[in-house]
Ligand SMILES: C[S@@+](CC[C@H](N)C(=O)[O-])C[C@H]1O[C@@H](n2cnc3c(N)ncnc32)[C@H](O)[C@@H]1O
């Protein structure tokens, strides 16, 4: 494959990466299982593709975790959900977090993550209507970086309830994603997501303690990190 000047990707490489990225994201009609399958098929080139799209979700997510746990990070027990190939786990490690498990439905993505040797336990599980086989009140925090937007928008409330269940009261659920799904007048397709966030707050299950807006999440679009405290 040809490369542009100074090692910059050529136009052809960028087009290939953009096509692969669009395939991974899917659209509103793409079934969750199909999205996971696409990640499996592209696990070998995932980091390269996301790198070319200037993805920063993992950096921002780990930064928020570091902000909320300023001390004793080596003792903080984290589940990295939708862990993928371990980009977020890797960043958490560089902030001094040492006790990190991974939850990821694509076995192939998990295989890549295993090569990094950063996670303790691996859960090859999908978030959805299913129970997650993890004891209640296990973690100090759950991180979610870049969970597929089409999945996030339709994720059933049960998925968030399961994450809340496995986090200790007073712990945090830290979610880095597109900013456009948070505002009331934001992406109309994300109404289910916003309703779930609010309903869980009304039910006294968690409370939003921070919504940090940032630029350049991926492909030049804005991102946000939401931090919910489990009650
Ligand atoms: C864009 S990658 C993000 C990976 C990693 N967190 C990062 O920051 O690079 C999205 C990941 O979400 C996973 N995923 C898709 N549907 C999911 C679900 N229902 N529950 C958990 N993970 C899911 C995919 O398999 C994929 O690995």
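Numbering (the working numbering), first residue to last: 12 to 242.
Heads up, the beta-carbon is just placed ideally off N, CA and C, and yes, glycines get one too.
Residue i beta carbon near ligand 1 (any heavy atom closer than 7 Å)
| i | result |
| --- | --- |
| residue 225 | no |
| residue 46 | yes |
| residue 116 | yes |
| residue 7 | Because the chain spans 12 through 242 in this model, residue 7 falls outside it and cannot be assessed. |
| residue 167 | no |
| residue 113 | no |
| residue 156 | yes |
| residue 60 | no |
| residue 67 | no |
| residue 40 | no |
| residue 99 | yes |
| residue 138 | yes |
| residue 162 | yes |
| residue 6 | Nothing about residue 6 can be reported from this structure: the residues present for the chain run from 12 to 242 only. |
| residue 50 | yes |
| residue 77 | no |
| residue 37 | no |
Assigned secondary structure, residue i (DSSP; H/G/I helix, E/B strand, else coil)
| i | result |
| --- | --- |
| residue 77 | helix |
| residue 213 | helix |
| residue 109 | coil |
| residue 205 | helix |
| residue 23 | helix |
| residue 223 | strand |
| residue 233 | strand |
| residue 104 | helix |
| residue 30 | helix |
| residue 195 | coil |
| residue 129 | coil |
| residue 93 | coil |
| residue 35 | helix |
| residue 242 | coil |
For residue j and residue i, the rounded distance between their alpha carbons
| i | j | result |
| --- | --- | --- |
| residue 176 | residue 22 | 47 Å |
| residue 6 | residue 119 | With the chain running from 12 to 242 in the structure shown, residue 6 is simply not present. |
| residue 73 | residue 100 | 8 Å |
| residue 170 | residue 112 | 17 Å |
| residue 190 | residue 145 | 30 Å |
| residue 211 | residue 116 | 24 Å |
| residue 220 | residue 54 | 34 Å |
| residue 26 | residue 232 | 18 Å |
| residue 139 | residue 81 | 31 Å |
| residue 163 | residue 204 | 7 Å |
| residue 71 | residue 229 | 11 Å |
| residue 235 | residue 193 | 8 Å |
| residue 24 | residue 128 | 30 Å |
| residue 187 | residue 60 | 19 Å |
| residue 167 | residue 173 | 10 Å |
| residue 126 | residue 95 | 12 Å |
| residue 135 | residue 160 | 20 Å |
| residue 141 | residue 19 | 44 Å |
| residue 158 | residue 50 | 11 Å |
| residue 201 | residue 98 | 25 Å |
| residue 114 | residue 156 | 12 Å |
For the stretch 137-174, which segments carrying the alpha helix (DSSP H) assignment without a break, of at least 4 residues, lie completely within its bounds, in sequence order?
160-165
Quick one: which unbroken alpha helix (DSSP H) runs of 4-plus residues sit fully inside the stretch 41-89? Chain order, please.
Counting only runs of 4 or more, we get 43-52, 57-63 and 68-79.
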